[in-house]
Structures are given as structure tokens and as C-alpha cells.
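Step one of this worksheet: look at the structure below.
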């Protein structure tokens with residue numbers, strides 16, 4: 505039995521209610537016929553990405569509340585802390601694998617570079633902007649705040665600049681410590697390599713990609729510590745997106761298809777505990793239900809579509825810039841963090857597109 509213990513729990517309930525209302529109100533019956541058993545239109549994935557970026561922020565908010573001792577066991581916030589970010593990351597990784605498989609673009613150096621640039625250049629842009637922002641900020645109020653409030657250490661390093669800190673500052677500006685983006689880049693590269701091998705050997709892309717990801721998973725599990733478990737936790741989620749994208753064209757052996765689709769659960773048996781199982785179950789079952797409904801219904805709402813469009817910049821900005829700004833303004837409110845992040849992420853995305861695209 506979960507109960508409400510402090511004010512942010514009410515905010516969580518309101519935010520979840522608004523997201524559900526926006527999603528449901530945007531559902532429309534399909535005008536075209538869909539013969540596939542499962543479908544995931546671009547409009548639906550965009551809306552899901554909009555929901556997912558809010559989920560990530562909510563999870564990080566509760567991580568901060570937990571570190572400050574404000575998140576009680578069995579509160580709504582505690583449940584959000586355990587699940588929401590994991591659900592969102594599952595959706596993002598799944599959609600990446602699904603979308604890349606459905607794109608059907610020919611593997612050539614221009615397409616590969618273009619795809620990777622769309623992932624990395626915004627990270628580099630936001631990383632650089634964040635460092636420029638940190639230059640004008642005073643040092644954090646206390647050393648403990650760095651961990652308790654998830655404040656980047658580079659702010660302190662810039663305030664008391666020493667040449668020995670240069671590596672950390674440049675590392676932050678380049679975004680090399682962002683595990684999510686690095687995972688996406690690695691998975692994209694493995695997909696393109698697999699697609700190239702598949703084209704040359706006439707082997708199934710699913711077989712080649714599964715083998716490539718298995719080799720990566722073994723390497724990552726052996727050589728990457730548990731603190732960075734994301735690197736070996738999510739390759740099979742990416743693969744599950746690929747499998748469901750090719751569901752109709754895969755082997756008619758139903759058992760084989762289900763085994764391939766359920767690989768994410770098999771992998772977390774090795775790497776994680778019951779709460780990650782719960783998160784993956786909620787994320788996957790929700791996706792499958794939506795894919796089933798998408799064969800008869802589609803999504804046409806504008807609000808979540810807008811959030812989905814800015815979702816990548818939202819993710820890049822929410823901790824690096826907007827949370828830091830709120831910390832210095834002594835504002836620790838969930839709703840304010842969401843609204844300020846939407847405004848900042850859209851503004852920076854607009855500038856980026858005007859300059860670089």
C-alpha cells in the first residue's frame with residue numbers, strides 16, 4: 505500500500521494525471537487500414553518520447569529528494585524513484601531500435617555520419633553551453649551539495665580553476681560522460697556494422713545484430729563495473745525494438761520470436777533485481793499494449809508531440825542547466841523544474857537549429 509507523505513507526491517499525481525489526460529485526449533481512430541498485428545507510428549513514438557522525458561526528470565527529482573532524506577519508503581515518490589526513469593529509458597532504447605530498423609536507409613558513410621551527428625552534435629552544443637553557464641556561477645554553497653543536489657563538480661573546478669581540472673571540464677563539455685548518448689552511439693554503430701555484414705553475407709540482420717550485441721554484452725559485463733550497469737543493461741532493449749519492428753517478417757516459429765522479444769528480461773536476471781524487473785515489465789507491457797492499439801488507433805495530440813520533438817534537448821538540459829539554475833535560485837519544486845526545462849530546452853533547440861541546420 506503506497507501513501508502520500510509530502511507535497512511532491514501530490515505534484516507527481518497531478519503530473520501523471522496531466523500526461524495521461526493529454527495522451528488519451530489525443531487518441532484518434534485510424535483512417536488507413538493496418539494489417540500488421542503490431543504497429544508503432546511516428547506520431548505515437550513522438551508522444552511516448554514526450555512522456556518519457558518527463559518520467560526521467562521525475563525520477564531524478566526523487567533521487568535528489570531521497571539523498572536529502574525527503575523520500576519515505578512506500579510513498580508515491582519512492583515508487584517514482586524506483587521505476588520512472590527506468591521505464592523512460594526502456595522506451596527510449598526500444599524506440600531507437602525500432603525506428604532505426606524501420607528507417608530502411610541504405611548503409612553508406614553519409615547516412616551513418618548523419619545519424620551519429622544528430623545524436624552527438626546536440627550533446628556537444630549543450631555541453632559547451634553548460635560550461636559557459638558554469639563560468640559565471642559561484643561555487644556551490646557547500647561541498648556536500650555536489651552529491652546531495654547532483655550539482656556538476658565542474659562548477660567548483662571553474663570557480664577555483666587549476667590546470668589539473670582542465671581534463672574534467674573538457675570531458676564535461678564534450679559530453680563523454682553521458683552514458684545514455686554513448687550507449688545510443690554504440691548501439692547505432694553495432695546496428696550499421698550488422699546491417700553491412702548482413703548485406704554482404706545475405707544472413708538475417710536479426711541474426712547478425714543479435715550475435716554482435718551478444719559479443720558486446722559479454723565484453724561490457726566483464727569489463728564494466730556495476731556502477732555503470734547501463735552499458736550492459738540496455739542492448740537487449742534496443743534489440744527488442746528491432747525484433748518487434750521485424751515481427752511480421754521474422755521466422756514463423758512463434759516460440760523463437762517470443763524468445764528474441766523477451767531477451768531484455770533474461771539479461772536483467774543476470775544484472776539486476778526485482779525493481780528493475782518491475783520497471784521493465786511496466787515499460788514493455790505498456791509498449792506492447794500501445795502497439796496493439798496502434799493498429800486501430802493513432803495519436804494526433806499537439807502537446808505531447810511538442811514534448812516529443814524537444815525530448816532530446818529536454819534530456820540534455822534538465823540536469824546540466826535548468827536544475828543548476830533552480831539550485832542557485834533556491835527553488836526545489838518539481839513543477840517549476842519541468843516548466844523551466846521545457847522553456848530552456850525549446851529555446852536552445854531553436855537556436856541550435858537556426859545556426860547548425
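Numbering (my numbering), first residue to last: 505 to 861.
Beta carbons are placed, not taken as given, at the ideal position from N, Cα and C, and that holds for glycine.
Burial state of residue i, where buried means 16 or more other Cβ atoms lie within 10 Å
i: residue 622; result: exposed
i: residue 699; result: buried
i: residue 626; result: buried
i: residue 513; result: buried
i: residue 519; result: buried
i: residue 685; result: buried
i: residue 557; result: buried
i: residue 730; result: exposed
i: residue 507; result: Only weak support exists for where residue 507 lies, its pLDDT of 39 falling under 50; the value from the coordinates is given anyway. So residue 507 ends up on the exposed side.
i: residue 719; result: exposed
i: residue 752; result: exposed
i: residue 854; result: exposed
i: residue 824; result: buried
i: residue 738; result: buried
i: residue 675; result: exposed
i: residue 560; result: buried
i: residue 857; result: exposed
i: residue 521; result: exposed
i: residue 679; result: buried
i: residue 614; result: exposed
Distance, residue j Cα to residue i Cα
i: residue 523; j: residue 648; result: 34 Å
i: residue 505; j: residue 580; result: Residue confidence is low: residue 505 scores 36 on pLDDT, short of 50, so the model does not pin down where it sits. No coordinate-derived value is stated.
i: residue 862; j: residue 661; result: Past the boundaries of the shown model lies residue 862; the chain is included only from 505 to 861, so the question cannot be answered.
i: residue 641; j: residue 653; result: 16 Å
i: residue 565; j: residue 732; result: 20 Å
i: residue 791; j: residue 672; result: 38 Å
i: residue 808; j: residue 815; result: 10 Å
i: residue 847; j: residue 837; result: 16 Å
i: residue 776; j: residue 859; result: 43 Å
i: residue 567; j: residue 703; result: 45 Å
i: residue 800; j: residue 534; result: 6 Å
i: residue 740; j: residue 771; result: 7 Å
i: residue 667; j: residue 542; result: 55 Å
i: residue 657; j: residue 716; result: 36 Å
i: residue 711; j: residue 515; result: 45 Å
i: residue 583; j: residue 555; result: 17 Å
i: residue 844; j: residue 670; result: 30 Å
i: residue 688; j: residue 617; result: 14 Å
i: residue 806; j: residue 783; result: 27 Å
i: residue 603; j: residue 750; result: 11 Å
i: residue 747; j: residue 760; result: 11 Å
i: residue 612; j: residue 691; result: 17 Å
i: residue 830; j: residue 797; result: 40 Å
i: residue 726; j: residue 781; result: 21 Å
i: residue 762; j: residue 795; result: 15 Å
i: residue 527; j: residue 817; result: 21 Å
Residue range of the beta strand (DSSP E) that includes residue i
i: residue 652; result: No beta strand (DSSP E) holds residue 652; the alpha helix (DSSP H) holding it covers 649-652.
For residue i: DSSP bridge partner residues
i: residue 801; result: 533
The alpha helix (DSSP H) enclosing residue i, as first and last residue numbers
i: residue 626; result: 613-639
i: residue 815; result: 807-821
i: residue 849; result: 838-860
i: residue 768; result: 767-775
i: residue 672; result: 670-678
i: residue 829; result: 828-832
i: residue 657; result: 657-663
CB contact below 8 Å: residue i versus chain B
i: residue 779; result: This model lacks chain B altogether, as it is built from one protein chain only.
What runs of the alpha helix (DSSP H), each 4 residues or longer, lie entirely inside the stretch 552-607? Scanning the stretch 552-607 for uninterrupted alpha helix (DSSP H) segments of 4 residues or longer gives 580-607, listed from N- to C-terminal end.
Counting only runs of 4+ residues fully inside the stretch 699-740, write out the alpha helix (DSSP H) ranges in chain order. List check, alpha helix (DSSP H) in window: 709-727 and 734-737.
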